[in-house]
Amino acid sequence: MFRKPEKFVVVTVQSTSKPRITEILEVIQNHPAIQEIANLLLIVPSGERYELLTHRYVGNPPEALDLLLLDAYFPGNNSFAEGNMLFPNKLKDLMGKTYRLASFYLLPWVMPRQTDDGIINYLNQSYTIDGLDGYLLVLFCKRLNCTWDLLIDQYWQYGQVFENHTGNGMVGALVERKADFALAAVGAWHQLFRYFSFSIPIQWIGITCLQPRPTLIEYWKIIFMMFSTTVWAVLLVTFVLIAILDNYMPTMIERWSPNRRGISWSFINVLCSFLLLPSVMRRSRASEVMLSVGLSAFTLIVASVYIGKIHSILAIPVYDPPIDTIIDFAESKLRWNAPHEVWMYLIAESENPHIKQILTKFHVAPIPDLET
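Put into structure tokens, the structure is as follows:
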């Protein structure tokens, strides 16, 4: 990730006064952005011709700021003196040019290591960088003959960018022009495209999320695992309706007789039938016999199914379901923890309802809290 895309800058000097031209060129040379632009062309009038200048760029200041004459253009006959390239390739040999790199220690991508012959300067000491991304940095400078000045903010890590173009961490150093490049497992984060440019993908990676192992389900919850919520609702409605029917069914005893049992007795009697406990079987009328036989058959079937299921479940310890897919994670009660919100950037724009549900579980926690 870097702050600037590939740019071609052409500056035309309008003045013909030599002192004024010299002053303008000095201002351009002293501008801090001149060290970040490799393809620079200055068009300076000089009598009947235009001198085409560029800066050295390679190496380090002040030599890198020296102006070089590329060619001269004669407008009278529309010709060039030498016919040289106006934007020569300055990146073949950077001649020890130092680039500023913002990063932080991140296994297994960036792992700085002190050494005697490193091409990376950190805290005035010689370093090299191991890791998937770090090795690319080392090879880059060995091939193009450059060095790195390393900036590490381990506390803020990736950091963040604010609306006023300030920030902290790795991306903050980049937006505040404290660094030229930033690298540490960087992805195509759409939230940062307005501030930075991204290189082409170097490698595809996969992220493994660590989660607690499944825990044993509490025994009181196992009682209700035999049937689904719908079945339990049907059983409850059936229980209430049968109890009410048992209470209001015509009987030989007068309604206001002291020997007549109330609705609470009917509920308890039906509950005993559901639990396969001794209960009073009404058999004075045909309707009562039909109700009693139907209730006995129904409760016997339900109880047999329940007992069979609970014995099969209790044969082995019962654990919470494992999280093997995104859907499992979305439906779980686990919270997603990471040291920085950058881990949610790649999926923040997803329209998948399960991904949206996962994003609501995201929580930024300090690294010491994650370790515990």
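Residue numbers (UniProt numbering): 1 to 372. We put the beta carbon where it would ideally sit given N, CA and C, even for glycine. The structure displayed is predicted, hence computed values, not measured ones.
- Under the Cβ criterion (8 Å, minimum of three pairs), the region 69-88 does not count as touching the region 24-35.
- If you draw a straight line from the Cα of Leu123 to the Cα of Met170, it comes to about 17 Å.
- In this model, Ser197 and Trp189 are separated by some 10 Å (Cα to Cα).
- Separation of Val234 and Leu295 (C-alpha to C-alpha, rounded to the nearest whole angstrom) is 14 Å.
- Around the C-beta of Tyr158, 16 or more other C-beta atoms lie within 10 Å, and the residue is accordingly described as buried.
- Per DSSP, the unbroken alpha helix (DSSP H) holding Asp328 starts and ends at Ile326 to Glu331.
- In this structure, the CA atom of Ile222 is about 12 Å from the CA atom of Ala315.
- Close CB contacts of Gly308 within its chain, under the 8 Å cut and outside five residues either way in sequence, are absent.
- Restricting attention to Ala102, Leu41 and Phe227, the CA atom closest to the CA of Gly167 is found in Ala102.
- In the three-state scheme derived from DSSP, where H, G and I count as helix and E and B as strand, Gly294 is classed as helix.
- Setting aside the 5 residues that flank it on each side, Val44 is surrounded in the same chain by Val13, Ile21, Tyr50, Glu51 and Leu53, each with a C-beta closer than 7 Å to its C-beta; the list follows chain order.
- Three or more beta-carbon pairs separated by less than 8 Å are not found between the region 112-127 and the region 56-71, which leaves the two stretches without contact.
- Annotated as proximal: Asp93 and Asn145, with beta-carbon spacing under 8 Å.
- Residue pairing by DSSP places Cys146 opposite Lys97 in a beta bridge.
- Look at Met111 here: in three-state DSSP terms it is strand.
- In the DSSP assignment, Ser199 forms no beta bridge with any residue.
- It is roughly 8 Å from the alpha-carbon of Pro201 to the alpha-carbon of Gly187.
- Asp130 is not a Cβ neighbour of Arg100, given a cutoff of 8 Å.
- The C-alpha of Leu42 is placed about 50 Å away from the C-alpha of Ile367.
- Trp336 is bridged by DSSP to Phe362.
- One Cα belongs to Thr238, the other to Ile244, and the distance between them is close to 10 Å.
- Counting along the chain, the unbroken alpha helix (DSSP H) around Leu25 starts and ends at Lys18 to Asn30.
- Taking a cut-off of 8 Å on C-beta distances, the region 273-281 touches the region 290-305, as three or more cross pairs fall below it.
- Shown here, Ala102 sits in a strand according to DSSP, grouped into three states.
- Between the alpha carbons of Gln154 and Ala81 lies a distance of about 54 Å.
- In this structure, Leu151 is the residue among Leu65, Met290, Leu151 and Lys97 with its C-alpha nearest to the C-alpha of Phe104.
- The beta carbon of Lys361 lies closer than 6 Å to those of Arg335 and Trp336 in the same chain, with the five residues before and after it left out.
- In the DSSP secondary-structure assignment, Arg49 is bridged to Ser46.
- Comparing alpha-carbon positions, the option among Glu23, Met85 and Lys97 lying closest to Tyr57 turns out to be Lys97.
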